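These notes concern the structure reproduced below.
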Amino acid sequence: MVTKNPPEKKDETTTPSSKEKIGRTGAFFQDQDSSGKNFAGVDLKGAVFRNVRLDGADFSGANVENALFDGCSMAGANWTGANMRTASFRFCNMQGCRINGADLYGAVLEHACLEGVISDDSTRWFRLRCPEEGAFLGYKKCVNDRLVQLLIPADAKRTSATLPSCRCSKAKVLTIKSFDQTQEFEEAWSLVDENFVYRKGTFVEVADFNEDRWMDSTTGIHFWMTREEAIAY
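Each step along the sequence shown adds one to the number in the UniProt record's numbering, with nothing skipped, and position 80 is 80.
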């Protein structure tokens with residue numbers, strides 16, 4: 001007599017719907033209203049949210065590193081303590097979101113609505129990286145491993161997004177040295193624009209400076225706050 005094993009039961013609670021699929025790169029959500037949904041503490045690294053409403057959703061403590069939220073509405077969502085590193089929020093409505101204690105290193109916030117966003121001293125990589133007022137020093141890596149020390153004057157416009165790099169509208173070139181500081185030079189050329197030259201003792205200025213701080217790759221004099229950061233670029 002042959003004994004047949006009973007049919008294996010499927011766990012319906014883990015079966016994704018057509019609009020919510022799990023793949024190798026993370027979760028996939030599409031064309032749904034997830035307003036108020038609880039994602040607290042969930043690992044959503046690399047997830048894709050496409051045309052999903054997330055107003056009032058709870059992402060506290062969640063991991064959404066490298067996730068894609070472009071164009072989603074998440075007004076009033078709770079991101080307290082969340083890992084938001086390198087996630088993309090282009091054109092998102094983030095009005096009134098709470099990001100206390102969240103880590104936004106490398107997060108893309110271009111054209112996002114950030115009105116009324118609530119942050120605190122424990123929020124990382126959201127505040128301006130460089131001083132908001134006054135003159136200060138910055139550093140820039142140029143062609144042939146030349147390190148330029150810049151004085152950003154008090155009247156210069158300055159911005160930063162969610163990375164160590166900053167931008168300003170004008171600066172004075174103080175010194176141009178080799179990385180080990182054993183050689184000095186009179187001029188150095190930009191790594192990005194071969195026609196943009198830095199000459200010791202002179203001012204450099206960008207007329208069409210883009211004041212939108214969340215636009216990272218745009219017009220302006222790009223610089224770093226420390227020698228080490230500039231050299232590592």
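Quick reminder that beta carbons are idealized off the backbone N, C-alpha and C, glycines included. Model, not experiment: these values are computed from the prediction.
| query | Can you tell which of Ala47, Leu44, Asp55 and Asp43 has its C-alpha closest to the C-alpha of Lys37? | reply | Numbered from its first residue, the sequence shown carries residue 37 at position 37. Lys37 has its Cα closest to that of Asp55, out of Ala47, Leu44, Asp55 and Asp43.
task: Within its chain, find whatever has a CB closer than 7 Å to the CB of Arg24; leave out the 5 residues flanking it on each side and keep chain order.
output: Sequence index remark: in the sequence shown, residue 24 carries index 24 (1-based). Below a pLDDT of 50, predicted positions are generally treated as unreliable, and Arg24, at 40, falls in that range; no measurement from the model is reported.
When burial is assigned at 16 or more other CB atoms within 10 Å of the CB, is Thr226 buried or exposed?
Indexing the sequence shown from 1 puts residue 226 at position 226. Flag for Thr226 reads exposed.
Please work out which residues of its chain come closer than 6 Å, Cβ to Cβ, to Gly71, disregarding the five sequence neighbours upstream and downstream, and give them in chain order.
As a working mapping, residue 71 is identified with position 71 in the sequence shown. Cβ within range, chain order: Phe91.
(message) Quick check: what's the CA-CA separation for Ala156 versus Glu184?
(response) For the purposes of this step, residue 156 is identified with residue 156 of the sequence shown, where counting begins at 1. For the purposes of this step, residue 184 is identified with residue 184 of the sequence shown, where counting begins at 1. Cα to Cα, Ala156 sits roughly 26 Å from Glu184.
- request: Measure the CB-CB distance between residue 267 and Leu128 and report whether it falls below 9 Å.
  value: Given a span of 1 to 233 for the chain in the structure shown, any question on residue 267 remains unanswerable.
For Ile221 and Phe69, what's the separation of their Cα atoms in angstroms?
For the purposes of this step, residue 221 is taken as the residue at position 221 of the sequence shown. For the purposes of this step, residue 69 is taken as the residue at position 69 of the sequence shown. Going from the Cα of Ile221 to the Cα of Phe69 covers about 30 Å.
- Item | The beta strand (DSSP E) enclosing residue 244, as first and last residue numbers | In the structure displayed, the chain extends from 1 to 233; residue 244 sits before or after that span and is not available.
Open item on the list: Among the candidates Phe126, Trp189, Pro164 and Phe29, whose CA atom is the shortest distance from the CA of Arg146?
Closed with: Position 146 of the sequence shown holds residue 146. The shortest C-alpha separation from Arg146 is found at Trp189.
For Phe91: DSSP bridge partner residues: For the purposes of this step, residue 91 is taken as residue 91 along the sequence shown, with counting starting at 1. In the DSSP output, where bridge partners are listed per residue, Phe91 has none listed.
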